[in-house]
Ligand code: ATP
Ligand code: MG
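In full-length UniProt numbering, the protein residues as written are 1 to 357.
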């Protein structure tokens with residue numbers, strides 16, 4: 001029997017609530033399937049840990065995580081700890097050294113959920129956004145001179161490497177190829193940014209030679225926001241830089257109905273290091289402790305984790321269970337306009353898993 005070691009890192013705020021729910025659902029799946037075993041170890045790293053120890057995770061934390069098959073991550077961020085400490089101290093401290101350079105964000109309007117777009121049927125919006133997750137605009141390069149003076153100058157330098165762009169482009173073409181429509185849109189801003197973005201366009205054209213079965217086109221990021229909103233059915237797989245995809249995927253989550261249902265995977269495609277799976281929402285302290293966090297994004301991300309581990313039937317079983325539950329408005333949490341609790345949604349998904357045949 002296959003056995004997987006999962007490191008659960010719930011982090012802060014509702015991260016703790018949704019990951020606890022997600023672990024229950026995963027265990028129910030393993031029980032039902034009988035074909036694999038999950039060994040889940042939970043780590044209490046995050047802002048509370050920081051307040052006690054002065055660091056978000058212990059010094060050997062990364063070494064500890066390295067031996068796991070996957071990381072199941074909640075959220076970081078707390079009102080009384082600066083964002084750069086929580087983000088760089090935990091989330092990026094895992095993403096970067098584990099070379100999780102491909103960030104994958106599927107977007108769909110699930111059954112029973114209404115997106116904000118009139119005239120767009122659920123079937124017209126089915127995307128996978130691939131975000132470059134290791135360089136680009138978030139490379140952290142730049143600086144400030146004459147701080148506070150009238151002549152102050154600040155630079156924010158984007159770094160694009162041929163190797164970095166080529167590997168994300170290949171990854172995106174592979175995803176596009178694996179989907180029925182075999183359609184890829186490469187997003188840049190190469191009309192205004194004349195160096196890195198032009199190299200993106202060139203590398204896209206080069207890599208495309210190896211994927212004659214994939215239809216691809218180029219789009220400027222500003223025009224892309226219009227196309228996503230007005231003609232969602234013309235898009236399928238989308239690849240963009242760290243910054244552009246960050247923005248586009250928030251738009252995508254909103255168009256699909258709620259931040260609370262959107263999943264993401266930070267993948268190390270070479271499988272040299274564990275990949276990390278998380279809902280895209282944050283720690284949401286405004287609803288923490290109330291028991292009303294929507295766990296669907298965390299469940300959906302578990303399907304991605306199972307698929308990555310090679311347990312496709314279990315991933316599909318979980319997705320069917322999620323869709324059965326979202327289809328019932330009495331099982332919608334307040335972010336979807338309903339009154340259900342995290343507990344009720346979790347129990348319903350577990351019941352649907354056991355009733356699946
Ligand atoms: P962070 O700084 O960690 O990103 P945040 O509070 O700025 O946290 P989010 O946590 O993403 O941002 O929350 C944005 C809004 O969406 C909040 O009002 C929050 O309550 C709501 N929200 C986010 N996730 C969920 C969820 N899973 N269920 C219900 N509401 C959610
Ligand atoms: Mg936020």
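We treat Cβ as the ideally placed atom computed from N, Cα and C, and that holds for glycine.
Along the length of the stretch 221–248, whole alpha helix (DSSP H) runs at least 4 residues long occupy 221–230, reported in chain order.
Between the alpha carbons of residue 238 and residue 131 lies a distance of about 8 angstroms. Spanning the alpha carbons of residue 23 and residue 350 requires a straight line of approximately 11 angstroms. In the DSSP annotation of this structure, the continuous segment of the alpha helix (DSSP H) that includes residue 319 starts and ends at 312–326. Taking all protein chains shown into account, residue 221 has 16 or more neighbouring C-beta atoms within 10 Å of its C-beta and is therefore buried. For residue 50, the uninterrupted alpha helix (DSSP H) segment begins and ends at 47–53.
Out of 331, 243, 252, 247, the CA that lies nearest to the CA of residue 235 is found in 252. A direct Cα-Cα distance of roughly 29 angstroms separates residue 272 from residue 83.
Cα atoms of residue 269 and residue 309: separation of roughly 12 angstroms, rounded to the nearest angstrom. Annotated as distal: residue 297 and residue 334, with beta-carbon spacing of 8 angstroms or more. The DSSP-derived three-state label of residue 171 is helix.
In the three-state reduction of the DSSP assignment, residue 263 falls in the strand class.
Per DSSP, residue 131 is not a residue of any alpha helix (DSSP H); the beta strand (DSSP E) it occupies stretches across 126–132.
Spanning the alpha carbons of residue 98 and residue 275 requires a straight line of approximately 8 angstroms.
For residue 19 against residue 8, the beta-carbon gap comes to about 6 angstroms, under 8 angstroms, which counts as contact. Not one heavy atom of the ligand ATP is found less than 7 angstroms from the C-beta of residue 47. In the DSSP annotation of this structure, the continuous segment of the beta strand (DSSP E) that includes residue 142 starts and ends at 136–145. Here the alpha carbons of residue 174 and residue 181 stand approximately 12 angstroms from one another.
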